[in-house]
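Q:
Numbering (the numbering used here), first residue to last: 222 to 713.
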């Protein structure tokens with residue numbers, strides 16, 4: 222039997238981060254969280270920044286703890302949220318903290334870009350990426366218009382996971398999956414698009430070499446070795462975009478599946494060999510992001526548990542536990558009130574409950590009262606929106622979709638999982654909850670030669686987690702009628 226291998230994963234979200242040890246034992250993987258910490262935004266000088274130095278410090282703390290516990294780390298991998306980046310000078314110094322995608326400097330910039338640089342259709346045809354005003358393309362355009370001193374002085378631009386890897390290794394790269402979130406990458410050529418770069422005054426030389434997931438970047442610098450007490454441990458370019466790592470961890474048996482990464486956002490999509498860039502994908506604003514082993518993650522962003530979590534903070538009389546709250550909601554009659562979770566009114570209202578009530582008044586429906594009715598409304602509506610997006614996927618997929626895998630924190634929501642199976646009329650497999658960390662770790666294992674490909678990775682993950690199965694119940698007619706109502710309501 223082989224010795225156990227220990228991989229160190231850094232998993233950074235927009236509100237918090239973790240360091241995790243993944244232990245590979247033959248055909249099984251076990252996770253242990255080492256540290257957890259806040260990822261806090263800094264507001265100063267009319268901008269909103271990430272604290273890259275604090276994040277680096279937390280990684281060092283996690284590595285020190287592993288050393289104190291005598292864990293023999295085989296390699297290190299970092300995944301983060303998408304689109305954000307940092308400017309690096311000719312001398313290798315970081316030129317300030319990275320601006321956060323929540324910064325308001327991109328408001329109106331997408332429209333300005335289409336008017337003065339390149340048109341919308343040209344950008345989509347080149348990238349296949351959905352339009353969001355905080356995409357890197359529009360952030361860089363805003364910085365150019367605002368005469369950013371950091372961008373003017375930049376020799377290299379590194380996306381956040383690549384910047385942190387650079388701080389550990391001194392090596393500058395451009396990892397493929399994180400670059401694909403930028404709206405600068407052409408998924409057919411798998412290179413940064415020259416005309417898009419030209420439109421913001423940049424060239425391919427301003428980025429590191431394009432690097433595919435499961436590639437060793439380098440080893441810890443002597444400085445980091447001294448700070449942590451560790452040796453020259455390899456740092457691996459995993460799927461740097463957290464969703465790419467999560468999708469790599471979907472425990473599918475074959476390619477005929479769709480996935481739903483369920484959390485604050487719900488990301489529903491399929492894995493394809495080639496990007497899907499056509500009139501329907503443009504009309505429905507689907508995105509083509511980089512996957513592992515040359516695949517494309519064809520998906521759509523859906524407002525997920527954001528609405529529910531915001532409401533929970535506002536409900537003063539609701540039970541604190543999810544179980545009690547959701548059990549109370551399930552006693553309520555279904556489909557009394559239906560919302561479109563992706564209506565702009567729910568993007569960031571001052572009061573989410575009032576926004577739901579206003580939407581229902583505006584569309585001539587019963588206005589939900591209290592936490593139970595409102596929670597039921599949210600879950601019914603999410604399942605119906607999932608059905609709509611799933612229908613688009615079925616139309617555009619080149620293969621039959623036989624099962625939906627739900628991964629991430631939302632995979633624990635048994636009521637919404639069952640509603641999703643009922644609404645879509647398809648089998649749902651829920652789990653793993655820790656998809657992002659598992660994908661990160663398994664890509665490190667691939668880099669070390671301990672697994673050969675994505676299907677062996679997925680088999681090991683399937684061996685390691687307990688999946689819960691949800692099959693459609695016999696109330697198809699009720700869901701069909703509710704879906705017709707949903708379509709009528711969102712037209713209003």
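Think of the CB as a built atom: it goes at the ideal place given N, C-alpha and C, for glycine as much as any other residue.
So residue 617 packs on residue 501, CB below 8 Å; how close in whole Å?
A: Rounded, the Cβ-Cβ distance is 6 Å, consistent with contact.
Q: In whole angstroms, what is the alpha-carbon distance linking residue 656 and residue 662?
A: Their Cα atoms are separated by approximately 10 Å.
Q: So, residue 233 versus residue 301, is the Cβ gap smaller than 8 Å?
A: The answer is yes: Cβ separation under 8 Å.
Q: Compare the C-alpha of residue 704 against each of 667, 680, 640 and 385 and name the closest.
A: The option with the nearest alpha carbon to residue 704 is 640.
Q: Quick check on the DSSP output: the alpha helix (DSSP H) that includes residue 382 runs from which residue to which?
A: Here the alpha helix (DSSP H) through residue 382 covers 381–390.
Q: From the DSSP output, in three-state form, read off residue 637 for me.
A: It is helical.
Q: Taking Cβ to Cβ, would you say residue 253 is nearer than 8 Å to residue 241?
A: Yes. Within cutoff.
Q: Might you give, ordered along the chain, the residues of its own chain that have their beta carbon closer than 6 Å to the beta carbon of residue 348, omitting 5 neighbours on each side?
A: If we look at residue 348 and ignore the five residues flanking it on each side, its Cβ neighbours are 404.
Q: Would you report the Cα separation of residue 520 and residue 607, rounded to the nearest angstrom?
A: For residue 520 and residue 607, the distance between alpha carbons rounds to 12 Å.
Q: Please work out which residues of its chain come closer than 7 Å, Cβ to Cβ, to residue 255, disregarding the five sequence neighbours upstream and downstream, and give them in chain order.
A: If we look at residue 255 and ignore the five residues flanking it on each side, its Cβ neighbours are 240, 241, 242, 283, 286 and 287.
Q: Mind reading off the beta-carbon distance from residue 440 to residue 456? Whole number of angstroms is fine, and I expect it under 8 Å.
A: Indeed they touch by this definition, with Cβ atoms about 7 Å apart.
Q: How about residue 307 and residue 235: are their beta carbons less than 8 Å apart?
A: No, Cβ-Cβ distance for residue 307 and residue 235 is not below 8 Å.
Q: Below 6 Å CB to CB, which residues in the same chain sit around residue 406 once its five sequence neighbours on both sides are set aside?
A: These residues qualify, in order along the chain: 400 and 413.
Q: Rounded to a whole number of angstroms, what is the C-alpha to C-alpha distance between residue 421 and residue 654?
A: Cα to Cα, residue 421 sits roughly 39 Å from residue 654.
Q: Per DSSP, which residues does residue 299 bridge with? Please list them.
A: Per DSSP, 231.
Q: Run through DSSP, which three-state label would residue 259 get?
A: Correct three-state label for residue 259: strand.
Q: Report the start-end ranges of each alpha helix (DSSP H) in the region 276–362 that is 4 residues or longer and not cut off at the edges.
A: As far as the region 276–362 is concerned, its whole alpha helix (DSSP H) runs of at least 4 residues are 330–337 and 341–348.
Q: Which runs of the alpha helix (DSSP H) at least 4 residues long sit entirely within the region 491–541? Give them in chain order.
A: For the region 491–541, whole alpha helix (DSSP H) runs of length 4 or above, ordered along the chain, are 500–504 and 527–535.
Q: Under 8 Å, do residue 603 and residue 554 count as touching if we go by C-beta distance?
A: Not closer than 8 Å, so no.
Q: Helix, strand or coil, according to DSSP, for residue 222 in the structure here?
A: Confidence at residue 222 is low in this model, with a pLDDT of 40, below 50, so the placement of that residue should be treated as unreliable; the coordinate-derived value is given next. Looking at residue 222 - three-state DSSP - the assignment turns out to be coil, as it is neither helix nor strand.
Q: Confirm, please, whether the CB-CB distance from residue 628 to residue 601 is below 8 Å.
A: It is not a contact, given that the beta carbons lie outside the stated cut-off.
Q: For residue 292, which residues in the same chain have their Cβ closer than 7 Å to its Cβ, ignoring the five residues on either side in sequence?
A: For residue 292, where only same-chain residues beyond five positions count, the Cβ hits under 7 Å are 227 and 242.
Q: Cα-Cα, which of 625, 533, 371 and 454 is closest to residue 599?
A: Measuring from the Cα of residue 599, the nearest candidate turns out to be 533.
Q: For residue 483, count neighbouring C-beta atoms within 10 Å of its own C-beta (all shown protein chains included) and say buried if the count is 16 or more, exposed if not.
A: Classification for residue 483: buried.
Q: Alpha carbon to alpha carbon, how far is residue 576 from residue 570?
A: Their Cα atoms are separated by approximately 7 Å.
Q: According to DSSP, simplified to helix, strand and coil, what is residue 706?
A: Residue 706: helix per DSSP, three-state reduction.
Q: Leaving aside the five residues before and after residue 375 along the sequence, list all residues of the same chain whose C-beta is less than 8 Å from its C-beta, in chain order.
A: The answer, listed in chain order, is 308, 309, 310, 316 and 427.
Q: Tell me whether residue 239 sits in a helix, a strand or coil according to DSSP, three-state version.
A: Residue 239: strand per DSSP, three-state reduction.
Q: Using C-beta distances below 6 Å, list every residue in its chain close to residue 687, excluding the 5 sequence neighbours before and after it, in chain order.
A: Around residue 687: no qualifying Cβ.
Q: Exposed or buried, residue 541, counting other C-beta atoms within 10 Å across all chains shown (16 or more means buried)?
A: So residue 541 ends up on the exposed side.
Q: Would you call the region 444–454 in contact with the region 467–486, where contact means no fewer than 3 C-beta pairs closer than 8 Å?
A: No contact exists between the region 444–454 and the region 467–486.
Q: In the region 429–473, which residue ranges form an unbroken beta strand (DSSP E) of at least 3 residues, counting only runs that do not cross its ends?
A: Within the region 429–473, the complete beta strand (DSSP E) runs of at least 3 residues are 436–440 and 455–458.
Q: Quick check: the Cα distance between residue 303 and residue 313, rounded to an integer number of angstroms?
A: Looking at the two C-alpha atoms, the distance is approximately 23 Å.
Q: By the DSSP assignment, the beta strand (DSSP E) with residue 483 in it spans what residues?
A: Segment 478–483, the beta strand (DSSP E) holding residue 483.
Q: When you compare only the Cα positions, how much space is there between residue 222 and residue 672?
A: Because the pLDDT of residue 222 is 40, which lies under 50, any placement of that residue in the model is unreliable, and the number read from its coordinates should be weighed accordingly. Going from the Cα of residue 222 to the Cα of residue 672 covers about 15 Å.
Q: Report all residues from its chain with a CB closer than 6 Å to the CB of residue 549; omit the five preceding and five following residues, and keep chain order.
A: Closer than 6 Å at the Cβ level, and outside the excluded window around residue 549, lie 593.
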